[in-house]
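Quick notes on the structure that follows.
In the working numbering, the protein residues as written are 75 to 144.
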């Protein structure tokens, strides 16, 4: 399901993740999110719903945040 609020949240979080990991190219970031989403849902990036992508992005962001704390 497409919702503007979820999409806006994902885009904002992508900016935050890029700030945490600026050396990662956008393609690398999307590939990583695709793999995380596929692991969680069994669907490719093409078929992942926005909420599922948001969840994968949040998991990745929390992992990056933990890494930068050390």
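Ideal Cβ positions, reconstructed from N, Cα and C, are used throughout, including at glycine. Treat the numbers as computed from the prediction; the structure is a model and nothing was measured.
Query                                                                                                    : Result
Sufficient close CB pairs (3 or more, under 8 Å) joining the stretch 86 to 100 to the stretch 111 to 118 : no
Residue 80 beta carbon less than 7 Å from that of residue 143                                            : no
Residue 125 - DSSP class collapsed to helix/strand/coil                                                  : helix
Residue 90: first and last residue of the uninterrupted alpha helix (DSSP H) it sits in                  : 78 to 94
Three-state class that DSSP yields for residue 143 in the structure shown                                : helix
Exposed unless 16 or more other CB atoms sit within 10 angstroms - verdict on residue 100                : exposed
Contact set for residue 103: own chain, Cβ-Cβ below 8 Å, skip 5 residues either direction                : 88, 91, 92, 95
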